[in-house]
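Enquirer: Numbering (our numbering), first residue to last: 57 to 180. The beta-carbon is built from N, C-alpha and C at its ideal position, and this holds for glycine as well. Below are the structure tokens for one structure; questions will follow.
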């Protein structure tokens, strides 16, 4: 069942994490949140999410770098990543697609759009 699968939200802004989590939980999804890429790597190993929705611009390791780091491990090469960002940049979107990101959406979060991407990427 789709809504029993875990969504991992990664952002450095607690308000974005909270609002996005509440919106997805209200729609029946199982959601965990972490602040920053380093915490995301630990959470991916311990929680084994079905999909990662990650901010792109974060202090330290950015969302693209997080994705590339996770992709180094064979176990996670098929883990879908959605890049969520306030940066509406054609070249960033193109790069995200080229490296294998599942989708690239801009803030503010459109929960209908995000839910459709989640269904498309991890639906059964």
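Please confirm whether residue 104 and residue 73 have their CB atoms less than 9 angstroms apart.
Expert: It is not a contact, given that the beta carbons lie outside the stated cut-off.
Enquirer: Cα-Cα, which of 135, 163, 132 and 131 is closest to residue 144?
Expert: Closest by alpha carbon: 163.
Enquirer: What first and last residue would you give for the beta strand (DSSP E) that runs through residue 87?
Expert: It spans 86-91 - the beta strand (DSSP E) in which residue 87 sits, taken as one unbroken run.
Enquirer: Give the secondary structure of residue 76 by DSSP, where H, G and I count as helix, E and B as strand, and everything else as coil.
Expert: Three-state DSSP puts residue 76 in a helix.
Enquirer: Residue 167 and residue 84 - do their beta-carbons sit closer together than 9 angstroms?
Expert: The answer is no: Cβ separation not under 9 angstroms.
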